[in-house]
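With positions in the sequence shown counted from 1, the corresponding number in the numbering used here is that position plus 16.
Structure first, then comments.
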Amino acid sequence: MKAELADIGLVGLGVMGQNLALNIADHGYSIAVYNRHPEKTQEFIEQCRHNEPAHERLQGHESLEAFVHGIRRPRKVVLLVKAGEATDATISELLPYLDADDILVDCGNAHWLDTIRREKALAGQGLRFIGSGISGGETGARFGPSLMPGGSLEAWTALEPIWKAIAAKVDAQTGLPLPGAVPGKPVAGGVPCTVPIGPDGAGHYVKMVHNGIEYIDMQLISEAYWLMKNLLGMEADAMARIFQEWNRGPLSSYLIEITGDILQQPDPEGEGYLVDRVLDAAGQKGTGIWTAASALELGSPANAIAEAVFARSLSALKEERLVASGLLQGPILQRETDREEWISAIHEALYCSKICAYAQGFQLMAQAQKSYGWKLDFGAIAQIWRGGCIIRAHFLQKITDAYELDPDLKNLMLDPYFRDALHQGQIRWREVVALAVRNGIPTPAFSSALAYFDGYRSAVLPANLIQAQRDYFGAHSYERTDQPRGKFFHLDWPAPGRPQAEV
Ligand code: NBP
């Protein structure tokens with residue numbers, strides 16, 4: 017008997033691919049799967065046979081041709097392979113078997129310019145392409161990720177039922193993530209954490225900014241931890257309790273929650289806590305770098321996000337830092353005794369810095385939409401990050417509210433809720449940064465977020481001098497404060513009649 021054609025196909029049975037395939041099957045869709053190394057496909061199907069209620073909806077294939085021909089037309093084929101060349105190679109291998117109107121859905125962490133290029137090239141061949149960001153790691157992929165699809169609306173309509181079914185769900189009233197699903201029993205009801213983001217590369221761009229925000233969120237939390245450890249002399253388990261407490265307030269988020277878990281984890285190899293044995297050299301895969309590079313290119317001041325990337329790079333210079341620590345002296349560290357007061361101040365510093373970090377991420381997306389001709393719905397983007405993804409947080413509901421209140425909001429810091437929070441927290445935020453500086457404890461994210469806040473709220477900055485210098489040595493011209501914007505002047509410096517500086 018001929019097997020029924022599958023509703024959808026998936027290529028790439030790595031960590032994400034296996035979990036997303038099971039999520040899709042759990043929601044009642046039949047799915048054909050294929051992996052470059054066929055033994056992985058066999059293993060996956062075999063494992064599922066024993067453990068997964070939805071295994072009968074999985075169809076493993078060992079040839080690409082059989083895989084493609086096993087999917088109902090117009091086909092939907094999800095790619096979950098390594099981003100970059102592997103994605104191009106996989107698309108090229110699939111092409112001979114695909115038919116007009118089939119839809120490729122790339123869920124890898126692709127660079128948005130690659131997605132624009134691929135969409136254009138495939139459209140020329142009559143195929144549709146969706147670049148869909150996915151966040152939430154393997155658990156998200158399995159039980160409900162945040163999905164950020166970019167592509168034509170018409171291609172989205174074909175994918176929509178499946179994407180809405182498998183995405184994380186949040187409560188319509190509270191915006192809180194609904195309790196997780198269990199294998200075979202998906203979450204029923206709730207608002208799905210996916211919306212069409214925009215054309216071509218928009219989905220992957222928004223996913224990239226999500227990751228950039230993830231970098232700064234993690235850096236800010238690590239700075240809070242480091243201050244409590246060094247300035248207040250707190251042990252890991254005591255800090256775990258603080259993060260657990262913070263997780264019940266405005267900072268409540270997945271990253272704060274897992275930090276509480278991490279800090280109380282004993283070292284399985286010996287005495288003490290595991291966190292104290294983890295080497296302080298952070299890795300990175302590239303999306304943070306892309307976010308910072310895009311901010312630089314677009315002239316969007318995402319300095320705190322970039323600092324978070326640089327902080328990882330600096331941490332990775334472990335051997336150099338070890339040598340430098342014996343050669344470069346800093347101030348003598350003075351422990352603070354008023355623990356409660358400083359913990360509360362660090363909380364304020366973390367919250368205010370987080371507001372600035374998100375303001376930078378949304379400002380960057382606003383700049384990108386102008387450059388790439390997208391029309392992004394920022395309230396909806398914040399909404400689909402409330403569940404499933406790594407940066408999920410209660411706080412995101414406030415961002416959605418802010419854009420609902422003012423869809424043309426120029427900067428999140430200007431929204432009344434966030435403005436009040438910054439006004440309320442800034443004195444203690446400044447005290448925390450000053451204390452860290454006095455004691456020689458690096459807090460690049462707290463400090464750069466504060467510099468962003470102070471820069472953005474300054475009607476006048478010292479850039480007048482920079483413009484004068486540029487005009488002096490390069491005839492780059494300047495505008496005057498007493499003339500309309502856009503009118504440029506140049507002076508043959510030094511102006512006649514002005515006394516020469518002594519050399
Ligand atoms: P894994 O490393 O677990 O799996 C990678 C997959 O890519 C495997 O199926 C592998 O096939 C396949 N692949 C490679 Br590598 N090179 C290939 C090639 N030249 N042609 C065809 N297939 C190739 O990665 P993962 O964590 O599952 O990530 C998959 C994608 O999802 C990546 O783009 C990643 O950026 C993205 N992503 C990951 C996460 C996460 O938390 N892990 C989150 C969001 C997005 P093989 O088995 O034959 O080697």
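Don't be surprised by glycine CBs; every beta carbon is placed ideally from N, CA and C.
Because the structure is a prediction, the values reported are computed rather than measured.
When you compare the CB of residue i with every CB in chain C, is at least one pair closer than 8 Å?
i, result
"residue 201", "In the displayed structure, chain C is absent; only one protein chain is listed."
Quick one, which of the options has its alpha-carbon nearest residue i's?
i, options, result
"residue 527", "357, 490 and 505", "In this structure the chain extends from 17 to 519, so residue 527 is not present and cannot be described."
"residue 199", "433, 486 and 67", "67"
"residue 174", "222, 94, 330 and 275", "94"
"residue 393", "371, 372, 425 and 145", "425"
"residue 265", "247, 318, 363 and 218", "363"
"residue 290", "416, 229, 212 and 253", "253"
"residue 121", "167, 83 and 162", "167"
"residue 370", "117, 156, 437 and 503", "437"
"residue 398", "89, 470, 366 and 209", "209"
"residue 303", "128, 417, 65 and 204", "128"
"residue 275", "234, 457 and 285", "234"
"residue 251", "288, 236, 73 and 263", "288"
"residue 444", "34, 468, 361 and 193", "361"
"residue 391", "192, 423 and 375", "423"
"residue 402", "245, 117, 158 and 269", "269"
"residue 523", "347, 477, 317 and 224", "What is shown of the chain runs 17 to 519, which leaves residue 523 out entirely."
"residue 109", "116, 84 and 286", "84"
For the ligand NBP, is there a heavy atom less than 7 Å away from the beta-carbon of residue i?
i, result
"residue 123", "yes"
"residue 255", "no"
"residue 299", "no"
"residue 234", "no"
"residue 32", "yes"
"residue 97", "yes"
"residue 191", "no"
"residue 127", "no"
"residue 148", "no"
"residue 106", "yes"
"residue 163", "no"
"residue 271", "no"
"residue 29", "yes"
"residue 287", "no"
"residue 370", "no"
"residue 151", "yes"
"residue 62", "no"
"residue 102", "yes"
"residue 59", "no"
"residue 78", "no"
Roughly how many angstroms lie between the CA atoms of residue i and residue j, to the nearest whole one?
i, j, result
"residue 179", "residue 69", "20 Å"
"residue 489", "residue 514", "17 Å"
"residue 452", "residue 76", "56 Å"
"residue 464", "residue 442", "14 Å"
"residue 189", "residue 206", "9 Å"
"residue 510", "residue 493", "14 Å"
"residue 481", "residue 299", "39 Å"
"residue 355", "residue 296", "25 Å"
"residue 102", "residue 79", "17 Å"
"residue 48", "residue 243", "50 Å"
"residue 240", "residue 368", "12 Å"
"residue 292", "residue 156", "28 Å"
"residue 17", "residue 25", "The predicted position of residue 17 is uncertain, since its pLDDT is 47 and thus under 50; a value taken from the coordinates is nonetheless stated next. Near 21 Å, if we compare the C-alpha coordinates of residue 25 and residue 17."
"residue 257", "residue 56", "42 Å"
"residue 418", "residue 60", "45 Å"
"residue 97", "residue 33", "8 Å"
"residue 321", "residue 307", "8 Å"
"residue 237", "residue 366", "7 Å"
Would residue i be called buried (16 or more neighbouring beta carbons within 10 Å of its own) or exposed?
i, result
"residue 267", "buried"
"residue 172", "buried"
"residue 500", "exposed"
"residue 42", "buried"
"residue 125", "buried"
"residue 226", "buried"
"residue 38", "buried"
"residue 31", "exposed"
"residue 508", "exposed"
"residue 28", "buried"
"residue 449", "buried"
"residue 135", "buried"
"residue 334", "exposed"
"residue 432", "exposed"
"residue 58", "exposed"
Does the distance between the C-beta of residue i and the nearest non-hydrogen atom of the ligand HEM fall short of 7 Å?
i, result
"residue 53", "The ligand HEM is absent from the structure shown, which contains only the ligand NBP."
If you pair each beta-carbon of the stretch 337 to 357 with each one of the stretch 305 to 314, do three or more pairs fall below 8 Å?
-> Flag = no, the stretch 337 to 357 and the stretch 305 to 314 do not touch.
Are the stretch 403 to 410 and the stretch 226 to 244 touching, with three or more C-beta to C-beta distances below 8 Å?
-> Because the criterion of three Cβ pairs below 8 Å is met, the stretch 403 to 410 and the stretch 226 to 244 touch.
Determine, using beta-carbon pairs with one atom in the stretch 137 to 147 and one in the stretch 212 to 224, whether at least three such pairs fall under 8 Å.
-> Enough Cβ pairs lie closer than 8 Å, so yes.
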